[in-house]
Every structure is written in C-alpha cells, then in structure tokens.
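Right, dumping it as structure tokens:
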C-alpha cells in the first residue's frame with residue numbers, strides 16, 4: 001500500500017517535470033517523406049502525449065507516412081502513384097553507381113533537381129487548390145505549423161492561415177537557411193555542402209568554397225524561384241522565398257557541434273541534434289537487414305532480416321562497428337551509442353556527414369563506386385582494432401549526451417513556446433529590416449571614404465597653395 | 001506517517017532532479033567586486049551545494065566580498081585600503097553630476113579608465129607574484145577557473161595552472177568578447193555600448209556606430225594592452241589579450257534576447273540572463289532604502305531603511321513601478337517580476353540598459369543631470385497609469401520566464417561540463433586558426449578578381465588582335 005502510494009507520488013512528480021500537461025492546442029504538421037518523416041515523428045508523438053491534437057497533411061502517394069494513434073493524417077490527391085515514387089527513388093540510388101563524365105553528371109543532377117522541384121511545386125498546388133482541405137485547415141484554428149523547409153509549401157499555408165511556424169530541418173543544402181535567418185556564414189571556415197571540405201581548408205579549398213557558394217546560390221534560385229509565382233498567385237504578395245522563410249518563428253535544427261563544425265548561430269536557431277536517438281530496447285542476436293535474395297556464400301554467423309531496429313542494434317554492447325550510408329539520423333545513432341563507423345555515402349548530405357565523422361577520427365569514409373571488398377574489410381578492421389576510433393567516437397558520444405535538456409524536450413518546448421506566445425518576434429534580428437547595402441554598412445563606408453578623400457584632397461590643395469605662395473614669395477624676393 | 005514518507009520521496013526526487021549530487025570537484029573563482037560579485041555569488045553557492053569546493057581569490061581591500069559557509073575566500077595583499085576604494089567609487093558617482101565641456105569629459109573619462117586599468121594591473125601583479133598564494137593554487141589541483149573577464153588576471157592564472165576556464169560576464173563594453181569568440185558583430189544593427197542607439201538605426205546613427213566601433217577598439221587597446229607585458233613576463237609567451245581570451249572554454253553571458261537585441265552568438269556563448277532573479281520572499285510593507293538623513297518633508301507613507309531586499313520588493317503584488325539606476329541585475333529583477341521602470345542611468349552599461357527597456361515600451365529613461373522633480377513624477381505617473389507599460393513589461397516577463405532550463409541550472413551545467421570534459425574544445429570555431437585576411441576571404445577575392453581581370457584583359461587583347469587582323473586584311477584588300 002505504502003509502496004503503491006509512493007509510486008503514485010513518483011509518477012505524479014515525473015508527470016509534472018517531464019510531461020507538464022498543458023492545455024491542449026492544435027498542431028498542423030506539413031512534413032516531407034522518407035527519412036525526413038521518420039525524424040519528425042518523435043516530436044509529433046510527444047506533442048500528442050502532451051495533450052495537443054496533431055494533424056499531418058501529406059500527399060496521398062507517399063513512401064513511409066502511415067496513420068497512427070498519435071496523429072491524424074490528412075491526405076490530398078496527387079497525380080502520381082506510390083509505385084512511381086519508389087521507382088524514381090531507386091533510380092536516384094542506382095545513378096550513384098553509373099559512371100558518367102563530369103559535365104554529364106552536373107547536367108543530369110541539375111535536371112533531376114529541377115524534376116524534384118516540379119514534383120514539390122505540383123504537390124503544393126494540389127494542396128493549396130484543394131478547396132475542402134483548405135476550408136478544413138481554416139476552420140481548424142491551428143496554433144502552430146511545424147514544417148519541413150525543404151519545400152516552401154508549409155510556410156505558404158502558415159502565411160495564408162496567419163499562424164506562426166516552426167521549421168524542422170537538418171539545414172537546407174543550398175544555404176537558404178543562413179540567408180533567411182540572417183545568420184553570418186563566413187566562407188573561410190564554414191564548408192559548403194557537397195565540397196567535401198572540413199572547417200580547416202587549404203587556400204585551394206577556400207577558393208573552391210567561395211566559387212561553390214556562388215554556384216549553390218544559383219541552384220537555390222533554380223529550386224525555389226518557381227514557388228515565387230505560386231506565392232504571388234495564392235497569397236497575392238510579391239515575396240521571395242528568402243522573405244517567406246524569414247517569417248519562421250523558430251528553426252529546430254537536427255545537429256549539434258559534436259557533429260557539425262562550430263559556427264555562428266542566430267537566437268531563433270535551436271539545435272536538437274540526436275533527437276532520433278531514443279532509449280534503446282534490448283536485443284538478443286546479431287543480424288543483417290537485407291531485402292534481396294540470400295547470397296549462397298553467406299556465413300553461418302550472419303542472419304538476414306527485412307527490417308531491423310537500427311538504434312537498438314547500435315546500442316547492443318557487442319556492436320563493434322556501423323557500416324552506414326551516412327544519413328544524419330543514422331550517424332547520430334552511431335554517435336549516441338559510441339559505435340565507430342565505416343561510411344559509404346550515396347547522395348544528398350551523406351558525403352558531407354561522412355567527412356565530418358572521418359575528420360574527427362571516428363570513422364572511415366569509402367567511395368561507393370570505387371571501393372573493393374578488400375577496402376571494406378580493411379576499413380572495418382581498422383575501425384574495430386585501431387583503438388583510437390573507438391576512443392574518438394566515445395568522446396564524441398559523451399560530449400553529445402552531456403546536455404542540460406534532452407533534444408526532444410527542447411524541440412517540444414519551443415513548439416509550445418510558439419503556441420503560447422503566438423510566435424517569437426523577440427528573437428527576430430533587426431537585420432531583416434536592412435537591405436544588403438545597409439547590412440554590410442557599404443553606404444557608411446562609402447561616406448567615410450569619400451569624407452577621408454575629400455579631407456586629404458583639401459589638405460593637399462591647401463598645402464600646394466601655401467607652398468606656391470611661399471615659393472612665389474621667395475622667388476619674388 | 002504516510003504523508004511523511006511521501007514527502008521524503010518528493011524530497012528525494014527533487015534532490016535527484018535539481019541537485020543531482022556530483023563527485024565533488026574544485027572550483028577556483030577569480031571575481032570582480034561590486035555588483036559583479038553579487039551576480040556571481042548564486043553560481044558559487046549552487047556549486048557548493050552540488051558538492052564542489054569553491055575557492056574565491058580576491059584582493060584584501062574590497063567592497064562587498066565577505067566570507068561565507070558556501071565558499072572559501074583567499075585574499076592577497078594590495079597597496080590600498082577599502083576606504084580608498086569607497087572614495088574612488090563615490091567620486092565616480094559624483095562625476096556624473098558635474099557639468100563639463102565635451103572634450104574635458106572625454107579626456108577625464110580616458111584618464112579614469114587608465115587609472116582603473118592600473119589598479120587592475122597592479123592587483124593582478126600582487127596576485128601573480130604572491131608566492132604562497134600561487135603555490136597554494138598549484139597544489140590545489142583545481143578543475144576549472146570561473147572568472148570575470150573585465151580583468152584578464154583570471155585567464156593568466158588559468159593558463160599558468162593549465163586549467164580550463166569559464167568566463168562570467170554581462171559583455172565587455174569595448175567589444176573584446178566578440179573579438180575573442182570570433183562572434184560576428186555587424187555594426188549595421190548591433191549598437192555599440194555608449195552610443196545610446198537601438199537595433200534600428202538611422203543612417204547617421206549607423207555612421208556614428210561605425211566611428212564609435214573604431215574608437216572603442218582603441219579604448220580596448222588602452223585598457224588591455226598593459227596586461228600583455230605581464231603575460232610575457234609571467235607566462236613567457238607573446239600573446240595578445242584577444243588571444244588570451246580566445247582560450248576560454250565557455251562564456252556565461254548575463255543577458256537574453258528579451259533584454260538584449262537579437263544578434264548572432266557562438267556555440268560557446270551560453271545566455272543566462274535573469275540568473276539573479278531568485279525566488280522571492282514575502283514582504284509586508286512598502287519602504288524606501290535611503291542612507292542619508294531623513295528629509296524633513298518626508299510623507300507618512302514612506303519608510304526609510306539602510307538596506308532592502310530589492311528582488312523581494314519587486315515581487316510584491318503592490319509594487320507599481322521601479323525607479324532604478326538601470327544596472328543589469330536590477331533590470332532583470334524588474335523584467336522577472338513584470339514591474340515597469342523609470343530608469344535614471346549613472347555610468348557603465350546603465351545608459352544602454354535603459355535604452356533597451358525604453359525601446360521596448362517597458363520604461364521611461366531620465367537624464368540624472370537634467371531631470372527635474374516634475375520629470376520624475378511625470379515619468380512615474382506615466383509608467384503606472386499608461387497601461388501599455390505594464391502590458392509590455394508583463395509580455396517581456398512571460399517571454400523571459402518561459403525557458404527550458406533555469407539560468408542558474410544552465411550556468412552550473414556548463415561549469416560542470418567544463419570540469420567533466422576538461423574544457424569544451426569541440427565548441428571552438430576554426431576561425432581562431434585564420435588571420436583576418438583569410439577570415440574575410442580577402443586573399444581568395446583578390447585571386448578571383450585578378451583572374452577575372454586577366455581573363456578580360458586577354459579576351460580584349462585577343463579581340464583587338466583579331467579586329468586588327470581583319471581590318472588590315474580588309475585594308476590590304
């Protein structure tokens with residue numbers, strides 16, 4: 001009885017400290033598919049547990065988005081099937097292994113980016129011009145939109161419904177996030193995505209970083225400018241996507257400085273790296289996820305499964321190494337459990353993620369196209385038997401896990417903060433109200449330079465005049 | 001009995017969550033006197049409660065530093081008395097009310113700064129060349145130095161003892177903090193101390209801000225360069241104070257973005273604004289702290305006391321307004337309890353603090369020299385009867401208090417983090433390894449410009465050459 005009452009007291013206190021049940025609000029989630037969806041799910045579940053109603057709006061053809069007890073999934077029709085999506089994704093994977101000349105690869109990559117943009121744009125149109133859905137969203141009186149800024153659609157909805165928004169992202173590869181938050185981004189030590197550089201660059205790498213920075217701005221334009229027409233059409237406003245994104249109240253960013261290189265951040269950027277590394281469940285055997293046919297020469301100590309709980313597997317004390325495609329979720333699970341990695345990046349931010357882990361001596365990066373089985377076994381042997389890899393990843397792990405608030409609690413706090421205060425305008429820097437000439441003080445510098453030159457000019461002229469006078473005088477004498 | 005056991009369970013849980021008793025470490029504190037000392041005390045007390053041994057090293061002549069059960073105070077002899085210190089401080093206060101021409105004021109201020117610097121420098125020498133004290137510090141095997149960066153002495157000790165350090169500060173007025181952390185500091189929207197500007201500046205104010213920025217760099221040099229000789233002498237290293245300060249593991253900064261204007265921060269800058277607003281104790285009467293003789297015309301409803309618990313007073317529900325000299329501790333107590341303010345700044349950062357509160361519509365700033373009793377009563381009437389002041393300060397208060405971790409817990413977490421991990425090198429940006437030409441990519445831009453001009457020049461020459469050929473050809477035809 002006594003035990004029971006104390007347990008109740010404990011439960012009550014735990015509820016008070018960790019759940020702090022709030023007045024239920026309404027959260028609209030506009031997510032992206034694939035791993036992006038997997039990464040946003042824990043936040044949605046926790047918001048549900050805290051008494052909020054969570055509604056996700058997604059296209060009816062998708063890969064991983066399933067209904068759940070924790071949230072309502074509202075779909076809108078799109079003119080393609082789930083099968084089509086799967087085939088496109090597989091193509092993207094296979095492309096990595098096709099050998100192509102550099103220029104063809106660039107052209108094809110740009111074409112693919114354009115293609116994906118068009119899919120996102122059309123999805124967005126399908127959402128915005130779905131009258132029933134928009135009426136439903138209007139009537140629902142949401143308190144906040146939580147959205148993935150890979151597509152601007154969520155923020156267009158937020159603007160239309162006049163609701164504050166929280167962005168949930170690993171970062172936007174073309175640098176739109178830095179532009180939209182007015183976050184300084186010195187090219188001298190912050191490597192651009194896809195350059196493969198670390199934060200310590202040679203002169204050549206720094207030249208490359210500056211050139212690539214300009215190239216990425218063009219890519220940003222290629223990807224996002226088509227949405228500006230839609231913004232004008234739907235919101236009746238002339239607004240660039242940067243201006244649209246600058247309206248975000250909070251950016252929840254899925255990294256920290258154990259993984260990402262230290263750099264400036266802005267007050268509304270909240271770092272929640274490692275949010276996906278949930279408490280592990282125990283495992284009993286060692287296993288291999290593999291969806292194809294079993295190889296004939298498979299060793300007896302390898303078991304094949306269609307799906308495996310990766311996080312639980314990494315937490316197993318017998319796990320010695322982690323062969324990964326270097327997606328950011330997986331990498332954080334590796335950091336979280338202190339498992340050294342062999343990184344075989346395929347596309348997206350994966351190559352950059354791999355560079356980060358390798359540069360910290362916590363893993364070895366291999367080239368998916370060029371590597372041999374010998375390379376793989378050598379890399380595995382090295383990360384397992386060279387103690388420094390285990391030491392380095394354990395150091396990263398202990399730094400990563402030593403934090404005043406768990407990333408999931410932090411994410412939920414800030415979503416609820418935005419709900420409670422109807423945004424976070426006190427975190428918006430005045431830089432948003434300046435044009436780039438003002439921001440970089442170019443007008444001030446121009447004035448000061450002009451004043452200096454004028455002063456020098458007048459001084460010089462006066463001197464010359466005096467000299468002339470003296471000279472003439474002495475001459476006349 | 002049951003009640004008692006449940007209370008015990010509650011106490012146990014509270015202890016677990018809030019105190020989380022750690023293996024005791026040793027913390028060396030090198031503080032500054034006055035309000036700086038008052039602001040660092042809660043951290044020292046909490047560190048003591050968490051099982052650490054806390055030792056403060058201070059000059060034997062000081063204003064507010066008293067021994068306590070929570071920490072050991074070690075003094076070193078200085079060649080002046082407490083009385084001398086008090087007189088100097090009073091002079092500083094009276095100076096505010098003396099009318100002086102602009103240039104005299106500037107010269108006198110610079111002389112006073114130089115004078116204070118010399119006092120700090122001599123104090124530091126007294127500490128460093130006190131053999132017994134230094135031997136004691138060496139033998140004590142401290143885990144961390146917590147220091148006030150207004151004087152570089154603490155960091156010299158940290159370097160000498162090879163211990164990581166935590167800086168505890170409101171910010172260094174001349175901008176040394178931004179330089180030492182490599183924190184971007186755009187002059188277009190971040191007003192410099194003492195300019196009286198907000199984050200929204202006119203063109204003239206921006207010009208002023210740039211000019212004042214350069215002036216402050218000179219002041220920084222005036223104040224801190226004398227320490228460079230001491231660094232060379234004592235550490236046998238050629239090191240500027242900026243380089244010395246860049247060694248800090250963590251900067252605990254006593255502001256947040258409810259009070260300070262939103263701006264970039266660096267990963268090792270932890271904001272703990274409001275750390276001094278402790279839980280209030282109840283009050284029963286309204287009162288006035290006043291140390292002089294009671295005025296003859298004192299109203300019956302005013303009681304005079306030598307000392308008052310300001311924080312408890314502000315927390316009283318009947319407190320309608322707060323007349324303050326706009327020190328940052330007091331302002332945070334006002335924000336914390338949502339009391340509108342009449343701000344009469346005297347010196348230091350007080351005028352800038354007052355501008356911040358006034359620009360947010362939560363108080364009225366008066367000029368201590370020019371104001372009349374009518375101005376004061378008008379200001380008081382306005383902040384009390386114009387509802388917007390109360391609404392604004394209450395909004396600021398609710399934003400300020402809505403945080404995932406209490407500032408004191410956050411401060412203690414990071415001090416202990418540095419103790420556990422022997423620093424925080426993973427938060428150190430690679431910018432520290434670049435010179436300013438590299439940092440601003442000036443070498444890269446020069447190369448790219450040169451390449452562009454060369455390309456244009458060759459193209460032009462080729463065109464001219466072709467034209468000439470064609471022209472000659474047509475001519476010969």
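Chains as they are written, first to last, in the UniProt record's numbering: chain R, 1 to 477; chain W, 1 to 477.
We put the beta carbon where it would ideally sit given N, CA and C, even for glycine.
What you are looking at is a predicted structure, and each value in this text was computed from that prediction instead of being measured.
Please state whether DSSP places residue i in a helix, a strand or coil.
i              : result
residue 324(W) : strand
residue 93(W)  : helix
residue 298(R) : coil
residue 269(R) : strand
residue 63(R)  : coil
residue 162(W) : coil
residue 276(R) : coil
residue 194(R) : coil
residue 411(W) : helix
residue 232(W) : helix
residue 334(R) : helix
residue 262(W) : coil
residue 183(W) : coil
Determine which residues share a DSSP beta bridge with residue i and list them.
i              : result
residue 74(R)  : 57(R)
residue 167(R) : 147(R) and 251(R)
residue 26(W)  : 53(W)
residue 365(R) : 343(R)
I need the straight-line Cα distance from residue i to residue j, nearest angstrom please.
i              : j              : result
residue 225(W) : residue 240(W) : 8 Å
residue 272(R) : residue 163(W) : 30 Å
residue 128(R) : residue 134(R) : 7 Å
residue 439(W) : residue 107(R) : 33 Å
residue 257(W) : residue 364(W) : 20 Å
residue 395(R) : residue 431(R) : 38 Å
residue 355(R) : residue 181(W) : 25 Å
residue 428(W) : residue 268(W) : 7 Å
residue 71(W)  : residue 80(W)  : 25 Å
residue 121(W) : residue 153(W) : 8 Å
residue 386(W) : residue 359(W) : 16 Å
residue 323(R) : residue 82(R)  : 29 Å
residue 391(R) : residue 199(R) : 22 Å
residue 197(W) : residue 101(W) : 22 Å
residue 295(W) : residue 448(R) : 53 Å
residue 142(W) : residue 265(R) : 32 Å
residue 136(W) : residue 161(W) : 11 Å
residue 155(W) : residue 231(R) : 54 Å
residue 350(R) : residue 192(R) : 13 Å
Check the C-beta distance from residue i over to residue j and give it rounded, since I have them as a contact under 8 Å.
i              : j              : result
residue 252(W) : residue 168(W) : 5 Å
residue 388(R) : residue 361(R) : 6 Å
residue 64(R)  : residue 28(R)  : Their Cβ separation, rounded to whole angstroms, is 19 Å, which puts residue 64(R) and residue 28(R) out of contact at 8 Å.
residue 518(W) : residue 149(W) : The requested residue 518(W) is not part of the displayed model; chain W covers only 1 to 477.
residue 415(R) : residue 144(R) : 6 Å
residue 76(R)  : residue 130(R) : 5 Å
For residue i, which of the options has the nearest alpha-carbon?
i              : options                           : result
residue 408(W) : 145(W), 274(W) and 177(W)         : 274(W)
residue 245(R) : 326(R), 451(R), 179(R) and 86(R)  : 179(R)
residue 500(W) : 126(W), 297(W) and 330(W)         : Residue 500(W) falls outside the range modelled here, since chain W spans only 1 to 477, and no answer is possible.
residue 315(R) : 296(R), 336(R) and 325(R)         : 336(R)
residue 317(W) : 411(W), 297(W) and 338(W)         : 338(W)
residue 348(W) : 66(W), 93(W) and 57(W)            : 93(W)
residue 147(W) : 136(W), 141(W) and 166(W)         : 166(W)
residue 261(R) : 188(R), 228(R), 300(R) and 208(R) : 188(R)
residue 110(R) : 215(R), 228(R) and 334(R)         : 215(R)
residue 247(W) : 435(W), 177(W) and 455(W)         : 177(W)
residue 88(R)  : 61(R), 73(R), 68(R) and 74(R)     : 61(R)
residue 66(R)  : 52(R), 78(R), 85(R) and 41(R)     : 41(R)
Is residue i near the ligand ATP, judged by its Cβ being under 6 Å from some heavy atom?
i              : result
residue 329(W) : Ligands in the displayed structure: none, and consequently the ligand ATP is not present.
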